[in-house]
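A.B. asks: If you're matching positions, the sequence shown starts at 15 in the numbering used here and goes up one per residue.
Positions of the beta carbon are idealized from the N, C-alpha and C atoms, including for glycine.
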Amino acid sequence: MNTYIKKLSYLFLSLTLLFVACDAEESLTITSPDPAFVLNTPGISNVYLNFALPDNPAFTITWKDEINSNASYSVEMATDNAFTNPVRLGETTKSSFSMTVDEFNKAINDTGVDEFLDIAIYLRVKTESQITNTILLLVTTYPVNAQSFNGIENGDKFVLSLDQNDDVALVLDWEDPILDASISIDVNYTIEAAAPNTDFANPVEVGSVLNTNTLSLTHSKLNSIALQTGIAVDASGDVALRITSSITDAASGTKLERISEVITINVTTYLTVLDLSTTWGIVGSATTNGWNGPDMPMFKTAEDGVLVAYVTLASGEWKFRENNDWSNNLGSGGSTDDVASNGGNFTTDEGAFKITLNLNNNTYSKEEFSLGIVGGAYNNWGASPDFMLEYDQYSDVFRGIVTLIDGEMKFRLNNSWDVDWGDNGADGTLDGGGANIVVTEGIYIATVDMNDLTYTLEPIDNVWGLVGGAYNDWGNTPDAQFKRDWSKPFNDIWILNNVTLTDGEFKFRANNAWDVDYGDNGADGTLERGGANIVTTAGTYSFVLDFSDPANPTYTKK
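The structure is reproduced here in structure tokens:
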């Protein structure tokens, strides 16, 4: 009986499952997902474009396409999500796309973007009939477009004047969006000048600035630039200007350089060399060249007919004469300060003097005068003679090239503390009895203008000398020292007059040391660093060294 009941239960259960299974089969609909054309979200959404690695991939995107077969894909970018102005980046038949740093950066810059941090760039992929979703990249670019001049145009004219020597003649400024960026980078700008149509083969550096977009040029500076590009004195000519910029990658040292378009301006120059020379001089046994001359020169002053000479005399006699000739000479007159034609000889003790001749009233004066540098930075405050500055007739200032050590210094007259000058405000203006001037070790061109009591200390690297078996047995005694040619203030020219050589060889070197020396490999007057010894025969010679073009220095010997 129990067995029969169990069998009936199994039967009812089987029928129930059968009916349920039939109902389920009639109501169940099985669907497949729609075919997809989807741009995958990249793992990195922040992209830094490094100009030091231009060929590295900037990004790689991939997509899934279950709709199109054998499709050609166009990859687009835009600066807004609506793709108002889409830019096509490239075409591919693959399901992935890459661009290099340089390519992607240029494409972004071509859209007119002038920001350089977190620029929103939207990407999508298209076929003829389908478009993927959009993905977003935040991109840091680097500048491609160069800076541009602002406020100056081709053909602008600048007439320069000695009367406005220190006034501003031209303010150069330029536009560069990189300066407005909030990224921490340094941008170095160098303004260059050159003769037009030379492709800046021999550029003249106008000036350099860091992280700013303006540079002021005085009449003096612009005049100097124009003369160096080849414009004659007191003449008009064109000067080409351009701006170069550089950004340095800290990790690799790679430089990103950009060069602006060229602007050409017209400049009228002026004569900066005063040329205060006269026909008069001082002659005599007390002078360097004795009674036969050449005479020690005299120079013009601000007053017509009043001449001056700064001379070092030995004990002896002297007179004034014109044109190194005795046909017109002046000696002592009837009174102490008078001069007379063919008058008697003047007498003097040894010393450095300022001698003034007044041709308007036939009088003269002679006073002790030497302007020197004294201090712990030079001679231990007078333990040895002061460094004497020489009068520069071409600029009406006193100059000298002096080697100083770390310390302090002052200027004073006649190796004495009766008259001295310091600088109370460290502003380049001399004050009688003023504060000591602090200097660091180095070689300087010291310049003092006694007209307005101003001074400058311009550091330089080298003072040139002649060394060799023909002169000082290759350095057993000091080299024959060159002097700067102040008549050519815009050129690095050095002169050495009347040096006596023996048969032998010589070279030119800097600072009485062998760190920097020049010889002449081809005996052609062009100097080479560390070049061959220069052969000479015995005689007295004068030399000119020209380092105006550092890449091609030259010398002459006569």
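Does DSSP put Ile415 in a helix, a strand or coil?
C.D. replies: The residue labelled residue 415 in the question sits at position 401 within the sequence shown. Strand, per DSSP.
A.B. asks: Assuming Ala207 and Ala249 form a contact by the criterion Cβ under 8 angstroms, report the distance between their Cβ atoms to the nearest whole angstrom.
C.D. replies: Along the sequence shown, read from residue 1 onward, the residue named residue 207 stands at position 193. Along the sequence shown, read from residue 1 onward, the residue named residue 249 stands at position 235. Not really, about 16 angstroms apart at Cβ, beyond 8 angstroms.
A.B. asks: Taking the alpha carbon of Glu364 as the point to measure from, which residue in Lys380, Gly448 and Glu142 has its own alpha carbon closest?
C.D. replies: By 1-based counting over the sequence shown, the position of residue 364 is 350. If we check each option's Cα against that of Glu364, Lys380 comes out closest.
A.B. asks: Skipping 5 residues on each side, what residues in its chain have a beta carbon closer than 8 angstroms to that of Ala265?
C.D. replies: In the sequence shown, the residue the question calls residue 265 occupies position 251. Closer than 8 angstroms at Cβ, skipping near neighbours: Ala66.
A.B. asks: Kindly provide the ranges of any alpha helix (DSSP H) runs that are 4 or more residues long and lie completely inside the segment 99 to 185, ordered along the chain.
C.D. replies: Fully enclosed alpha helix (DSSP H) runs of 4 or longer: 115 to 123.
A.B. asks: Give the DSSP bridge partners of Gly221, in chain order.
C.D. replies: Sequence index remark: in the sequence shown, residue 221 carries index 207 (1-based). DSSP lists Ile205 as partners of Gly221.
A.B. asks: What alpha helix (DSSP H) runs, 4 residues minimum, are completely inside the segment 484 to 558?
C.D. replies: Counting whole runs of 4 or more residues, the segment 484 to 558 contains no alpha helix (DSSP H) stretch at all.
A.B. asks: Tell me the DSSP bridge mates of Lys314?
C.D. replies: Here residue 314 refers to the residue found at position 300 of the sequence shown. Paired residue(s): Leu321.
A.B. asks: For Val353 and Ser291, what's the separation of their Cα atoms in angstroms?
C.D. replies: As a working note, residue 353 is residue 339 in the sequence shown. As a working note, residue 291 is residue 277 in the sequence shown. Those two C-alpha atoms are separated by around 21 angstroms.
A.B. asks: Would DSSP call Asn306 helix, strand or coil?
C.D. replies: Numbered from 1 along the sequence shown, position 292 holds the residue referred to as residue 306. Asn306 falls in the helix class under three-state DSSP.
A.B. asks: Can you tell me the Cβ-Cβ gap for Arg413 and Glu404, rounded? I've got them flagged as a contact below 8 angstroms.
C.D. replies: Here the question's residue 413 lines up with position 399 in the sequence shown. Here the question's residue 404 lines up with position 390 in the sequence shown. That belief holds up - the Cβ atoms of Arg413 and Glu404 are roughly 6 angstroms apart, short of 8 angstroms.
A.B. asks: Look at the alpha carbon of Thr283 and the alpha carbon of Lys120, and state the distance between them as a whole number of angstroms.
C.D. replies: Indexing the sequence shown from 1 puts residue 283 at position 269. Indexing the sequence shown from 1 puts residue 120 at position 106. If you take the alpha carbons of Thr283 and Lys120, they lie about 43 angstroms apart.
A.B. asks: Would you report the Cα separation of Ala209 and Ser238, rounded to the nearest angstrom?
C.D. replies: For the purposes of this step, residue 209 is taken as residue 195 along the sequence shown, with counting starting at 1. For the purposes of this step, residue 238 is taken as residue 224 along the sequence shown, with counting starting at 1. Distance between the alpha carbons of Ala209 and Ser238 is about 13 angstroms.
A.B. asks: Write down the C-beta distance between Val477 and Ile415 rounded to the nearest angstrom, noting that I regard them as a contact closer than 8 angstroms.
C.D. replies: Here residue 477 refers to the residue found at position 463 when the sequence shown is read from its first residue. Here residue 415 refers to the residue found at position 401 when the sequence shown is read from its first residue. Going by Cβ atoms, the distance from Val477 to Ile415 rounds to 6 angstroms, so yes, they are a contact pair.
A.B. asks: Nearest-angstrom Cα distance between Asn95 and Val220?
C.D. replies: What you label residue 95 is simply residue 81 of the sequence shown in a count that begins at 1. What you label residue 220 is simply residue 206 of the sequence shown in a count that begins at 1. Between Asn95 and Val220, the C-alpha separation is close to 46 angstroms.
A.B. asks: Take Asp466 as the anchor and find which of Leu480, Glu472, Trp435 and Asn99 has the nearest alpha-carbon.
C.D. replies: Along the sequence shown, read from residue 1 onward, the residue named residue 466 stands at position 452. Among Leu480, Glu472, Trp435 and Asn99, the Cα nearest to that of Asp466 belongs to Trp435.
A.B. asks: Quick one: residues in its chain with C-beta nearer than 6 angstroms to the C-beta of Gly244, no 5 flanking neighbours on either side, listed in chain order?
C.D. replies: Taking the first residue of the sequence shown as 1, we reach residue 244 at position 230. Here the set comprises Ala209.
A.B. asks: For Asp107, which residues from the same chain have a beta carbon less than 8 angstroms from its beta carbon, with the 5 sequence-adjacent residues on both sides left out?
C.D. replies: Start at 1 with the first residue of the sequence shown, and residue 107 comes out as number 93. The question names Asp, but residue 107 in the sequence shown is Thr. Once the five neighbours on either side are set aside, the close Cβ partners of Thr107 are Asn84, Ala85, Ser86 and Tyr87.
A.B. asks: Grab the span of the alpha helix (DSSP H) containing Ser234 for me, first residue to last.
C.D. replies: Locating residue 234 in the sequence shown gives position 220, counting from the first residue. Looking at the DSSP string, the run of the alpha helix (DSSP H) that includes Ser234 is His233 to Gln242.
A.B. asks: Using 8 angstroms for Cβ pairs, my map puts Val61 next to Leu151. What's the rounded Cβ distance?
C.D. replies: As a working note, residue 61 is residue 47 in the sequence shown. As a working note, residue 151 is residue 137 in the sequence shown. At roughly 5 angstroms, the Cβ-Cβ gap stays under 8 angstroms, so Val61 and Leu151 are in contact.
A.B. asks: Can you check which of these residues, Asp318, Val158, Ala92 and Asp79, is closest to Asn579 by C-alpha distance?
C.D. replies: Since the first residue of the chain shown is 15 and the last is 572, residue 579 is not available in this structure.
A.B. asks: What's the C-alpha gap between Glu519 and Thr468?
C.D. replies: As a working mapping, residue 519 is identified with position 505 in the sequence shown. As a working mapping, residue 468 is identified with position 454 in the sequence shown. Taking the straight line from one Cα to the other gives about 43 angstroms.
A.B. asks: Do the CB positions of Phe163 and Leu236 come within less than 9 angstroms of each other?
C.D. replies: Locating residue 163 in the sequence shown gives position 149, where the first residue counts as 1. Locating residue 236 in the sequence shown gives position 222, where the first residue counts as 1. In this structure, Leu236 does not lie closer than 9 angstroms to Phe163 by Cβ.
A.B. asks: Are Leu371 and Ala323 close, meaning C-beta to C-beta below 9 angstroms?
C.D. replies: Here the question's residue 371 lines up with position 357 in the sequence shown. Here the question's residue 323 lines up with position 309 in the sequence shown. Result yes, Cβ atoms of Leu371 and Ala323 sit closer than 9 angstroms.
A.B. asks: Nearest-angstrom Cα distance between Val325 and Pro399?
C.D. replies: Walking along the sequence shown from the start, residue 325 turns up at place 311. Walking along the sequence shown from the start, residue 399 turns up at place 385. About 17 angstroms.
A.B. asks: Assign Leu288 to one of three DSSP states: helix, strand, or coil.
C.D. replies: Residue numbering aside, residue 288 sits at position 274 when the sequence shown is read from its first letter. Correct three-state label for Leu288: coil.
A.B. asks: Which residue from Thr278, Thr262, Asp499 and Pro308 puts its Cα closest to that of Thr212?
C.D. replies: Mapped onto the sequence shown, residue 212 falls at position 198. If we check each option's Cα against that of Thr212, Thr278 comes out closest.
A.B. asks: Taking DSSP as the reference, what is the three-state secondary structure of Ile199?
C.D. replies: Looking up residue 199 in the sequence shown gives position 185. The answer is coil: DSSP assigns Ile199 none of H, G, I, E or B.
A.B. asks: Between the segment 511 to 518 and the segment 546 to 556, do three or more beta carbon pairs fall short of 8 angstroms?
C.D. replies: Touching, yes.
A.B. asks: Please state whether the Cβ-Cβ distance between Val287 and Pro503 is less than 9 angstroms.
C.D. replies: Numbered from 1 along the sequence shown, position 273 holds the residue referred to as residue 287. Numbered from 1 along the sequence shown, position 489 holds the residue referred to as residue 503. Contact: yes.
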